[in-house]
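As structure tokens, the structure follows; a few thoughts come after it.
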Amino acid sequence: YGQLCPDSKSAYPGLKRLVDHYKPDELRVRFVLFPLPYHQHAFAAAEAAFTITDALGDSSFTQWLETIYSNQDIFWNKPNKDLTPVQVTEKLKTLAQKTFPSLTDAQWEKGMTGYGGTDADDHTRESWKYTCSRGMSGTPLYTLNGVPFEADADWSFEKWFHVIDPLVKANKPVLKEQEEMQGLWEATHILSGVPRSQPDRDVMHLVRSGEWATAAQACEGVAES
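Position one of the sequence shown corresponds to residue 1 (UniProt numbering), numbered consecutively onward.
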């Protein structure tokens with residue numbers, strides 16, 4: 001998903017409505033940041049996302065993503081053609097601290113230098129490499145239950161709902177069966193001290209991109225973009 005990509009910005013409202021429509025145990029959506037090189041300051045914007053979520057928690061990601069989309073044009077190539085990477089980093093800092101008044105200079109500087117060398121820089125590189133390894137070459141692109149899925153940037157909530165809702169409904173009997181099995185196991189073994197032999201499983205397959213990816217999720221998920 002690209003923070004400075006106009007198509008990603010167009011696609012976001014439909015996905016957000018989709019997440020709001022379902023319960024967390026019905027649908028999980030994971031955003032993996034993929035800064036495209038021709039959006040010249042996309043890498044810095046992605047570093048900022050990791051810096052902010054590291055300082056303030058994963059819950060801050062959605063607000064930052066929406067803030068960037070609201071101010072996307074001021075970070076495009078032409079308005080910043082005469083600025084150095086360090087100056088663009090300062091520009092991002094101003095927006096970040098306006099959005100999150102509790103974000104300190106020290107927290108920002110821990111991740112943002114304008115020339116790399118930080119954990120946020122490493123995480124952004126890993127996010128980019130992971131997305132490339134999945135065969136992605138643009139944004140927004142998706143996987144659904146781990147399988148590449150084609151959807152246009154202009155997909156509305158209704159289009160997503162048409163695809164997702166049958167999967168959610170088909171999954172409910174499986175969830176019920178798991179709950180019944182859990183109850184049976186507890187009734188049988190809870191007093192015996194016998195360790196659980198069957199590990200917990202996610203019903204919906206979630207493609208993991210490493211622990212660093214948890215700092216880049218608006219909502220946890222099956223649809224990866």
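Just so it is clear, CB atoms sit at the ideal spot from N, CA and C, and this is done for glycine as well.
Predicted, not measured: the structure shown is a model, and the values here were computed from it.
Paired residues, beta bridge with V147 - DSSP
DSSP output for V147 lists L144 as bridge partner(s).
Distance between beta carbons of F34 and W155, contact taken as under 8 Å:
Taking C-beta atoms under 8 Å as the contact rule, W155 and F34 fail to qualify, at a distance of about 18 Å.
Classification of Y12 by the beta-carbon crowding that lies within 10 angstroms, buried from 16 upward:
By the neighbour-count criterion, in which 16 or more other beta carbons inside 10 Å mark a residue as buried, Y12 falls on the buried side.
How would you write the range of the alpha helix (DSSP H) that D73 sits in, first residue to last?
Following the DSSP letters along the chain, one finds D73 in no alpha helix (DSSP H), marked with neither H nor E.
The ligand SAH heavy atom lying under 7 Å from the CB of L15:
With respect to the ligand SAH, the structure offers nothing, as it holds no ligand at all.
Cβ-based burial, G57 [other Cβ within 10 Å; buried from 16]:
Here G57 is exposed: its Cβ has fewer than 16 other Cβ atoms, across all protein chains shown, within 10 Å.
Continuous alpha helix (DSSP H) stretch holding T51: start and end:
Element bounds for T51: A42 to L56.
Assuming T99 and W64 make a contact with CB atoms under 8 Å, what is their CB distance in whole Å?
With 8 Å as the limit, T99 and W64 qualify as a contact, their Cβ atoms being about 7 Å apart.
How many angstroms separate the CA atom of D7 from the CA atom of A153?
Our two residues, D7 and A153, have alpha carbons roughly 5 Å apart in a direct line.
Proximity to R30 [Cα-Cα], best of G116, E150, Y142 and K159
Nearest of G116, E150, Y142 and K159 to R30, Cα basis: Y142.
Put R17 into one of helix, strand or coil per three-state DSSP.
Three-state DSSP puts R17 in a helix.
Skipping 5 residues on each side, what residues in its chain have a beta carbon closer than 8 Å to that of F161?
If we look at F161 and ignore the five residues flanking it on each side, its Cβ neighbours are L18 and H21.
In terms of residues, what are the limits of the alpha helix (DSSP H) holding D122?
Bounds of the alpha helix (DSSP H) holding D122 are D119 to S133.
Is DSSP giving V163 helix, strand or coil here?
In this structure, DSSP gives V163 a helical state, which the three-state scheme calls helix.
For P173, collect the residues of the same chain with a Cβ closer than 8 Å to its Cβ; drop the 5 residues on either side in sequence, then sort them by chain order.
Its chain contains no residue whose beta carbon lies nearer than 8 Å to that of P173 once the 5 sequence neighbours on both sides are disregarded.
Beta-carbon proximity list for A151, same chain, < 6 Å, skipping 5 on both sides:
If we look at A151 and ignore the five residues flanking it on each side, its Cβ neighbours are Y142.
Taking the straight line between their C-alpha atoms, what separation do you get for Q217 and K81?
Annotation note: pLDDT 35 at Q217 (below 50); position unreliable, no value reported.
For Q198 and T51, what's the separation of their Cα atoms in angstroms?
For Q198, the predicted model reports a pLDDT of 41, less than 50, meaning its position is unreliable and no value from the coordinates is stated.
Determine the closest residue to I164 out of R28, K9, G2 and Y1, with distance taken between C-alpha atoms.
The candidate whose alpha carbon is nearest that of I164 is R28.
If I'm right that T139 touches G2 with Cβ under 8 Å, what's the distance once you round it to whole angstroms?
The beta-carbon separation of T139 and G2, rounded to 4 Å, stays under the 8 Å limit for a contact.
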